[in-house]
Structure formats: structure tokens, C-alpha cells
Amino acid sequence: YRPPCINKFYILDLQPENSFVAHAVASGHTVFMVSWRNVESEQGRFGWDDYLEDGVFSALRVAQEIAKSDKVNALGFCVGGTLLGAGLAVLEKKSPGLVASATFLAAMLDFEEPGQIGLFIDGPSVAAREATIGADGILPGQDLAFVFSSLRANDLVWPYVVSNYLRGEQPPAFDLLYWNSDSTNLPGPMYCYYLRNTYLENRLREPGALTNCGVPVDLGSVKLPIFVLATREDHIVPWRSAYRTMNLLGGSDKQFVLGASGHIAGVVNPAAKKRRSHWVGAPYPRDPEAWFASTKEIPGSWWPLWSQWLDQHGGGSRKAPAKPGSTKYKAIEAAPGRYVKQRIH
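Residue numbers (the numbering used here): 1 to 345.
What follows is the structure, given as C-alpha cells:
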């Protein structure tokens, strides 16, 4: 599982009652999660390829070795899904057959219509970032947190100005909002590459336009089974943009599911609460509106549907590892590890 590298991994493991990870484990799957480091000055030179090598390829190979499995199932959420998509195209040349299936949660591979966040990104602003941190530097996590809060100021800013600042009230504890505020720093080269080649120039979707880790990236070469989830009210990854993943990736074994609610609440929707709904349907025409017109609405969470899909594509069952790590990759320390505890100041 590759979480968005602009936040911490625990969004899918917040509490026992709303943990997607716990749901996956209860469904019989061994789960490995990437914990992105909160970048400091010594990591300020890291680029997009470094995140692919260490955050995608190395993570997959370690999971493969510990699980003693020929193949692994991969999942990417938001920016983690963008990294996964590019990484899968590279793996088709370098290590074909390593990944059995891929799940994309609220992720974009085609940035033609990026939603509200596109208002903050243009040529001069990207060039300014490249001039200051493009070669070696850090994008402060506070900058990203401000941008994402500004996208939903009526929900994430002004209610707290009124209740906390004006009235002196303590805001109620809310796990999703705590995670939303727990941002991480990013290395400047990686961030600038991401902005220019996705949001600004939309080159990831063009076969051969990008070269990652020495391999021309062609998303159409990825032909493994894929599951794509988008959410209907997502203001960060518009569902119609996420739907385009179905046309970009090759192969014929694909499933697209549209969940209710937004970027986070639509993903973190535990089945036990029987809330919201999701839409399914096939075939998958190029026009997302044409697809939606023929869908069926199903009450409740999309989680059980994903579990059924993964059961069909995840390979056979085997005994779970008795303890974390392996002889080659020993456990460094107890979960959740030190990286997730590092806060920006």
C-alpha cells in the first residue's frame, strides 16, 4: 500500500472501527504499508525516480520476499496511485510479472481536468518553485496543508475561526481532520518534477513522453488486472479524471467503482456502518457520463466489493508470516515506526 506521500500512511488505519487495513487483514490478506519519511535537509535532493525506486520497487520486492510469494498485489492512494501507475509501466520493462493486480484509490494518471487544485498551479508558479527548490531543497508541509485547506475553506478553515478563535471553544476530536493536518515535507526536486509533468504539462498519459528510472513510460503497457475507485464529490481528484485511468492502462480485466462522498470520507467508509453507497456498471465507454448513465447504485460501502475482487485476482492462500520481517529483512522496530511520529513545526 502506497499512501499519498504528502501525508502519513495511517489514513487507512485510523481506528479499529474504520480501518481499511483491518478489513483487508480480516479478509485474509497480509498487508504491507509504506511509511514515507518526513523529509529533512539531507533528503532534499531526492527526485521522482528516487520515490519510484525506494517507495515502489524496493517496497514491492521486500513484500514479495517476506511473504514468500512470486507476486504481490499493489495499491496506491492519491499521489501514491500516480507513483504506482508510473512504477507499473517501468516494471513492465524491468520486472514483468512482479505485480498480480493494482488498485487505485482516488488517484489521477490523466491531469487534463485536475479540479480545484489546478487554480493554484500555472507556469510561473511552477518555474518559481523550480528556481528555489528544484535542484535541492524542501517544500514545507505547511505550504501543502494551506493549499488543501483553502480548497475547502468553508469546511476546514472558517468554522474553526468562529468556534475556536472567536468563541474560545475546543474543536471536537476528529480522526480524519487530525490526519489531514499531519502533513509532511517533500523534497523539492521530486515535487517540482511532479507538478510540471502532471498538473502543468500532463505528460504521464503520453506514451514515451517521460523516462523514469531509465525506462520510457507507457501506461498502455500495463495489462494486469486493475480496480479503480473514485468518489463522486472528490474536489482533489475529480471522479471523471480518475475514470480516464480505465482508458490509459492496457488490458481488459478492469473494474471501476464510484463511491459517494469525497476524497477521504468516500474512501474511508467502513462496511459495518452501512453508510453511503457506490455505483458499478460495465462496459466502460470513453465518456464517463455515458458510463454513469448505465450504472447501478448499491447501498453501503465499496469495501466488500473490493475484497471479492481481490480474492479473484490475488492468488492462492497460504499461512501468514508468524512475525514481522524475514531473515533478509528484519523488523527494524515495532509499528508504527519512527517516521510517522515526526511532526512538522
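Note that beta-carbon positions come from the ideal geometry of N, C-alpha and C, so glycine has one too. These numbers come from a predicted model, not from an experiment.
Annotation note: the region 58-104 contains the following uninterrupted alpha helix (DSSP H) runs of length 4 or greater, listed N- to C-terminal: 58-67, 79-94.
A straight-line Cα-Cα distance of about 26 angstroms links Q342 and A74. F9 is classed as buried because its beta carbon has at least 16 other beta carbons within 10 Å across all chains shown. Apart from sequence neighbours up to five positions away, the residues of its chain that approach L139 with a beta-carbon distance below 7 angstroms are I133, N185, L186, G188, Y191, ordered along the chain. A direct Cα-Cα distance of roughly 44 angstroms separates L200 from A320. The bridge partners DSSP lists for Q255 are F227.
A straight-line Cα-Cα distance of about 10 angstroms links Y193 and A135.
Counted as a single uninterrupted DSSP element, the beta strand (DSSP E) harbouring V280 occupies residues 277-280. DSSP places L249 outside both helix and strand once states are collapsed to three, so it counts as coil. Here the region 161-172 makes no contact with the region 31-44; the two share fewer than three CB pairs at distances below 8 angstroms. Looking at the DSSP output, I133 shares a beta bridge with no other residue.
Under the DSSP definition of a beta bridge, V215 partners with N212. Excluding residues up to 5 positions away in sequence, nothing lies with its Cβ nearer than 8 angstroms to the Cβ of S125 in the same chain. Contact between T245 and V228 holds, since their C-beta atoms are separated by about 5 angstroms, short of 8 angstroms.
Here D253 is exposed. Its C-beta has fewer than 16 other C-beta atoms within 10 Å. In this structure, T82 keeps its C-beta atom at 8 angstroms or more from the C-beta atom of L52. Here R338 is exposed: its Cβ has fewer than 16 other Cβ atoms, across all protein chains shown, within 10 Å. Looking from the CA of V340, the closest CA among W179, A102, E297, D70 belongs to W179.
Minimum Cα-Cα distance from M33 among the listed residues E92, D13, S69 corresponds to D13. Beta-bridge partners of I332 (DSSP): none assigned.
Taking every protein chain shown into account, the CB of R286 has fewer than 16 other CB atoms within 10 angstroms, so this residue is exposed.
For G115, the three-state secondary structure derived from DSSP is helix.
Distance from the CA of A209 to the CA of E169, rounded to the nearest whole angstrom, comes to 52 angstroms. With fewer than 16 other beta carbons inside 10 angstroms of its own, R318 counts as exposed. DSSP, read as helix, strand or coil, puts G188 in helix.
For the pair V25 and E113, the Cα-to-Cα distance works out to about 35 angstroms. Contact check for I117 against S326 fails: the beta carbons are separated by 8 angstroms or more.
When DSSP reads this structure, R2 sits in a beta bridge with G76. DSSP, reduced to helix, strand and coil, places P16 within a helical segment of the structure shown. Under the three-state reduction of DSSP output, P299 falls in the strand class. For G325, the secondary structure class from DSSP, reduced to helix, strand or coil, is strand.
Rounded to whole angstroms, the gap between the alpha carbons of V90 and L98 is 11 angstroms.
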